[in-house]
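Let me begin by presenting the structure, written as structure tokens, before commenting on it.
In full-length UniProt numbering, the protein residues as written are 1 to 152.
In structure tokens, the structure reads:
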């Protein structure tokens, strides 16, 4: 359908169905980005991104599918842009999320504005990366980059 974000699925015998993006639900304070029919599916679908402008400039094309629960052994949690001290995040966190059964995930922890939001000269600093995660068991994945806590 021209001018709309949709996809086609072949059911066989040259029979096709037309699907479209689902509804968008977002946690409180997240920004809703509307559909953009000028882009191919699924990039054209509307989506929600975290607040504070911390993601769109780096990962605008990423399809957000899960809200992460990130807790550190220091007793703190990462919560939608809250600021944590280097001491609080020096050890690898525990990461939990709801996963689709049988799906594979990539966990990338980057600092989009290191060392600060006003002076992001080390932007996109890679703190940790784990690939080939089956479901929500981060420990089942392949560590692509060991965890590096925040510096002073």
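Every residue, glycine too, gets a C-beta built ideally from N, C-alpha and C. Being a predicted model, the structure only gives us computed values, none of them experimental.
Which residue comes first and which comes last in the beta strand (DSSP E) that contains residue i?
i, result
"residue 89", "Where residue 89 is concerned, there is no enclosing beta strand (DSSP E), given that its DSSP letter is neither H nor E."
"residue 125", "125 to 134"
"residue 35", "It is not in any beta strand (DSSP E) - residue 35 carries neither H nor E in the DSSP assignment."
On the premise that residue j lies in contact with residue i, defined as a C-beta separation below 8 Å, what is that separation, rounded to the nearest angstrom?
i, j, result
"residue 86", "residue 149", "6 Å"
"residue 70", "residue 104", "With a Cβ gap of about 20 Å, residue 70 and residue 104 do not count as contacting."
"residue 74", "residue 88", "4 Å"
"residue 99", "residue 136", "4 Å"
Quick check on DSSP: helix, strand or coil for residue i?
i, result
"residue 151", "coil"
"residue 116", "coil"
"residue 139", "helix"
"residue 110", "strand"
"residue 104", "strand"
"residue 74", "coil"
"residue 79", "coil"
"residue 69", "strand"
Would you kindly check if the distance between the Cβ of residue j and the Cβ of residue i is under 7 Å?
i, j, result
"residue 76", "residue 107", "no"
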